[in-house]
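What follows is a short report on a single structure.
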Amino acid sequence: MTASPAPTVPLFTAEAASFGLDLAPLLQGVVDSGRYILGPRVQAFEAAFAAYVGVAHGIGVANGTDALELALRALDIGPGRRVVTVANAGFYGSTAIRAVGATPVYVDVDEVSLTLSPAGLAEALAGQAVDAVIVTHLYGQLADVAAIADLCSVAGVPLIEDGAQAHGARRDGRAAGAWGRIGAFSFYPTKNLGALGDGGALVTQDAALADRLRSLRQYGWCAKYEVALAGGRNSRLDELQAAVLSAKLPLLDAANTQRRAVAARYHAALADLPLRLPPSTGEDFVAHLYVLRTPHRAALQAHLAAAGIACDVHYPVADHRQPLLAGSAAAPILPVSEAACTQVLTLPCFPGLRDQQIEQVIAAVRGFHEGGA
Ligand SMILES: *Cc1c(COP(=O)(O)O)cnc(C)c1O
5 MTASPAPTVP LFTAEAASFG LDLAPLLQGV VDSGRYILGP RVQAFEAAFA AYVGVAHGIG
65 VANGTDALEL ALRALDIGPG RRVVTVANAG FYGSTAIRAV GATPVYVDVD EVSLTLSPAG
125 LAEALAGQAV DAVIVTHLYG QLADVAAIAD LCSVAGVPLI EDGAQAHGAR RDGRAAGAWG
185 RIGAFSFYPT KNLGALGDGG ALVTQDAALA DRLRSLRQYG WCAKYEVALA GGRNSRLDEL
245 QAAVLSAKLP LLDAANTQRR AVAARYHAAL ADLPLRLPPS TGEDFVAHLY VLRTPHRAAL
305 QAHLAAAGIA CDVHYPVADH RQPLLAGSAA APILPVSEAA CTQVLTLPCF PGLRDQQIEQ
365 VIAAVRGFHE GGA
């Protein structure tokens, strides 16, 4: 096999990571400040991000997986508890559920949106004890979160939103993270709002929960060196990352608009092909990933690679089919999630992707289907 040429259309760039800002002076300012952990820059970012989402409290943490784990701990989810989640979202929710000793209850996703199916959730809530629900706004698409929040509220079960791929996705003016009891976010560099390293945040309207989360992220402290809560961790956000995130936050909506414009171009240019495309080009979709579905994934991926176009699969293995779980109790049957794992393919979609690159991607995908170059 000959090696593919370096992609001329990448999946992400340094320019997309900085939103085109000159971040060096900002970083130098943190170096000179002498404050590196949970200082004024973290506080300022927490307030700004909570306001952006439209909730009262923001809590910076070390990464998105910790955010999910701390959300569960704050809600007293531990051993013997059961948490509904989906199986097509990269195992992050499963990692957090397993970390607190609880059991994931996998529910299938909606055929169109690939996010948690309200009908499936209703069935799970009716069938067995459920202690919490995690809804993932996958690929930047807000789930049917109003229906899901209603089901949870009727059942008296707390809802955690995983907004790690959906910063700024909105429906009826309400943003990802503002629908559930707690919203969890990652600022991994490639996310719509990304740091220059790891970072995460939690948001909530509930002051008591916010206090618990602040304590849990720092050893369970109620005051310095005084431990009051069980399950405490060290999971803090750095001043350096908070400075970067605060500088980028005012540009997030514009960056999301750019991502959405790329998605709309693909949508218009590929709609007549035998592909399944993302369902929305509206404000409930922030185009974190442009994921199409095709029964000919391997061949299309090879064709794109040969044309110098980077693509990826999010995600190839369903949570309940991970090797880690081989041989454990009978795996649930999740036809939509499992089919998606074999068919999903992610095209380049990020702010700063150039017109000519978008055209190159479109020409290559069309070329594959039309049997041309
Ligand atoms: C990236 C991601 C996470 C995990 O975030 P990290 O910061 O990498 O731990 C969680 N959920 C979803 C949906 C993600 O995309």
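Residue 5 is where the sequence shown starts when you use my numbering, and the numbers rise one by one after that.
Don't be surprised by glycine CBs; every beta carbon is placed ideally from N, CA and C.
- Under the rule that a run must span 4 or more residues, the alpha helix (DSSP H) segments found entirely inside the region 192-239 read 211-220.
- Within 7 Å of the C-beta of T69 there is at least one heavy atom belonging to ligand 1.
- At least one heavy atom of ligand 1 is found less than 7 Å from the C-beta of Y96.
- Per DSSP, the continuous alpha helix (DSSP H) segment holding P29 begins and ends at A28 to S37.
- For the options I366, D323, Q364 and Q360, the alpha carbon positioned closest to that of G97 is the one of D323.
- Taking 8 Å as the cut-off, the Cβ atoms of L125 and Q169 do not count as close.
- Taking 8 Å as the cut-off, the beta carbon of G312 is found no closer than this to the beta carbon of P44.
- Beta bridge pairing from DSSP links I313 with V13.
- In the three-state DSSP reduction, I63 falls in the strand class (E or B).
- Secondary structure in the region 260-333: the beta strand (DSSP E) runs of 3 residues or longer, each lying completely within the stretch, are 294-297 in chain order.
- Beyond the five residues adjoining it in sequence on each side, R263 comes within less than 8 Å, by CB distance, of G144, N196, V290, A291, H292, C353, F354 and P355 in the same chain, given in chain order.
- The residues F354, P355 and G356, in chain order, have a CB closer than 6 Å to that of A20 in the same chain once the five nearest residues on each side in sequence are set aside.
- Distances between the C-beta of D166 and the heavy atoms of ligand 1 include at least one below 7 Å.
- With the rule of 3 Cβ pairs closer than 8 Å, the region 171-185 does not count as touching the region 296-306.
- For P339, the uninterrupted alpha helix (DSSP H) run begins and ends at P339 to Q347, by DSSP.
- Among the bridge pairs identified by DSSP, L74 is matched with none.
- Here I41 is exposed: its Cβ has fewer than 16 other Cβ atoms, across all protein chains shown, within 10 Å.
- Judged by pairs of C-beta atoms under 8 Å, the region 244-254 does not touch the region 71-90, as fewer than three such pairs exist.
- K252 counts as buried, since no fewer than 16 other beta carbons sit within 10 angstroms of its beta carbon.
- According to the DSSP secondary-structure assignment, Y110 is paired through a beta bridge with T89.
- Contact between G187 and V88 is absent: CB atoms are separated by about 17 Å, not below the 8 Å threshold.
- DSSP places F354 in the coil class of the three-state scheme, outside both helix and strand.
- Within 10 angstroms of the beta-carbon of C226 lie fewer than 16 other beta-carbons, which makes it exposed.
- In the three-state reduction of the DSSP assignment, R178 falls in the strand class, which pools E and B.
- V134 and A205 have their alpha carbons spaced roughly 25 Å apart.
- In the same chain as G198, and ignoring 5 residues on each side of it, the C-beta atoms closer than 7 Å to its own belong to A21, F191 and Y192, in chain order.
- Excluding five sequence positions before and after T285, the CB atoms of its chain that fall closer than 8 Å to its own CB belong to R264, A267, A268 and H271, given in chain order.
- Judged by DSSP secondary structure, T119 falls outside any beta strand (DSSP E); it is assigned neither H nor E.
- A28 and L200 have their C-alpha atoms roughly 12 Å apart.
- Counting every other CB atom within 10 Å of its CB across the protein chains shown gives I138 a total of 16 or more, marking it as buried.
- Comparing alpha-carbon positions, the option among A306, A335, E342 and A333 lying closest to L351 turns out to be A306.
- DSSP places G187 within a strand segment (E or B) once states are collapsed to three.
- Under DSSP, no beta-bridge partner is assigned to Q360.
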